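One structure below.
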Amino acid sequence: MNHRTPIVAANWKMHTTVRTAAELCRALRESIDNVKSVEKVVCPPFPFLALAHQTLAGSSLKVGAQNVFWEEKGAFTGEVSPPMLADLCEYVIIGHSERRKYFGETDETVNRRLKAAMAKGLRPIFCIGETGDERQAGRTNEVLLRQVRGGLAGIEITSGFVVAYEPVWAIGTGVPATGEMANDAIGLIRREVASLYGGELAQATRIQYGGSVDGANIDEFMAEPEVDGALVGGASLKADVFTAIVEAAARPKGVG
Ligand code: PGA
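See the structure below:
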């Protein structure tokens, strides 16, 4: 039995408009504000962060960004800095596999973003995960350890730090990992966090599963002792489905 409060985060990716973002925030405030024993985070696209911040103010829902640059300010057209985010959100997703795949993100740039975000008090949701080819080649553990060590190099984490284990082959495919696969990978990640920072911090650190989580499979993940919640993409765009996921994550482990 662990004492970690699960955390469920909605990664809206590049979806919603001003209107639908506002509607979704209002609907979620209505449906999950009162759900206890689970931390709830909504991560809209940058243009809607202020709107989410306002719409969710005074509720138990937290706001997160989907990325952040490492410089504080300057001639970096199109980028968004940690101090810009610090007044609007508490969390920031860093190192998502779509950033790694389409935007050249590496362990080194992930590391720079993590450092810069944490220096401004933002809580990272640090994403790692193997590709399908890497899993088939039996390289999952090696890849995860490389991503953890590379991403966290020179960083002192605190207990607010969140890791998301997201196997790339499971993201947006409708083919989730099994609960057991998620538990094994997250156990490995936790052991590595323990060897880097000590067992106490590792036991306090939330490590989510992400990849095709929906209302039908969330129980399988939450039943696993190592899984501390979910990072949800597609299924987070529907208020009723995301609500069901949050409610499932709030149930004590072992109560299915
Ligand atoms: P998905 O995305 O739930 O649509 O698979 C998860 C993620 O990319 O964080």
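Take any residue in the sequence shown, note its place counting from 1, add 1143, and you have its number in this note's numbering. Positions of the beta carbon are idealized from the N, C-alpha and C atoms, including for glycine. Source: prediction; values computed, not measured.
Determine whether the beta carbon atoms of residue i and residue j lie at a separation below 8 angstroms.
| i | j | result |
| --- | --- | --- |
| Thr1181 | Val1389 | Inspection of the sequence shows that residue 1181 is occupied by Val rather than by Thr. Yes, they are a contact pair. |
| Val1185 | Val1206 | yes |
| Thr1386 | Ser1174 | yes |
| Gly1342 | Glu1369 | no |
| Trp1213 | Arg1243 | no |
| Ala1328 | Thr1283 | yes |
| Ser1251 | Gly1297 | Just to set this straight, residue 1251 is Glu in the shown sequence, not Ser. No, Cβ-Cβ distance for Glu1251 and Gly1297 is not below 8 angstroms. |
| Ala1208 | Val1235 | yes |
| Pro1395 | Ser1355 | no |
| Cys1270 | Glu1309 | yes |
Between the alpha carbons of residue i and residue j, how many angstroms are there, rounded?
| i | j | result |
| --- | --- | --- |
| Tyr1340 | Ile1350 | 15 angstroms |
| Asn1326 | Ser1302 | 20 angstroms |
| Gly1399 | Glu1166 | Because the pLDDT at Gly1399 is just 48, under 50, the model does not fix this residue reliably, and the point stays unresolved. |
| His1146 | Val1384 | 26 angstroms |
| Asp1248 | Gly1238 | Per the sequence shown, residue 1248 should be read as Glu rather than Asp. Each residue's Cα considered, the two are about 7 angstroms apart. |
| Ala1195 | Phe1364 | 28 angstroms |
| Phe1304 | Thr1348 | 6 angstroms |
| Lys1179 | Pro1149 | 10 angstroms |
| Arg1334 | Ala1345 | 7 angstroms |
| Phe1191 | Ala1218 | 23 angstroms |
| Arg1169 | Gly1281 | 44 angstroms |
| Lys1263 | Ala1229 | 7 angstroms |
| Pro1187 | Asn1360 | 23 angstroms |
| Gln1290 | Glu1277 | 13 angstroms |
| Ser1240 | Ala1393 | 27 angstroms |
| Met1157 | Ser1379 | 12 angstroms |
Smallest Cα separation from residue i: which of the options?
| i | options | result |
| --- | --- | --- |
| Ile1314 | Trp1155, Pro1149, Asn1145 and Arg1147 | Trp1155 |
| Leu1225 | Arg1266, Leu1204 and Gly1293 | Here residue 1225 is Pro; the residue named in the question, Leu, does not match the sequence. Out of Arg1266, Leu1204 and Gly1293, Arg1266 has the C-alpha closest to the C-alpha of Pro1225. |
| Gly1353 | Ile1268, Ala1280 and Phe1246 | Ile1268 |
| Gly1358 | Ala1382, Ser1338, Lys1396 and Cys1232 | Ala1382 |
| Ile1332 | Ala1307, Ala1320 and Val1356 | Ala1307 |
| Glu1215 | Ala1259, Ala1392, Leu1295 and Glu1323 | Ala1259 |
With H, G and I counted as helix, E and B as strand and the rest as coil, what does DSSP make of residue i?
| i | result |
| --- | --- |
| Ile1300 | coil |
| Gln1351 | strand |
| Gly1207 | strand |
| Lys1183 | strand |
| Gly1372 | strand |
| Asn1154 | strand |
| Ile1271 | strand |
| Arg1147 | coil |
| Gly1399 | Note that Gly1399 scores 48 on pLDDT, short of 50, meaning its location in the model is unreliable; the coordinates nonetheless yield the value given after this. In this structure, Gly1399 counts as coil in the three-state DSSP scheme. |
Take the Cβ of residue i as the centre, count every other Cβ of all protein chains shown within 10 Å, and call the residue buried at 16 or more, exposed below.
| i | result |
| --- | --- |
| Ala1373 | buried |
| Glu1285 | exposed |
| Gln1197 | exposed |
| Thr1160 | exposed |
| Ser1338 | exposed |
| Glu1162 | One point to set straight first is that residue 1162 is Arg, not Glu, in the sequence displayed. Label assigned to Arg1162: exposed. |
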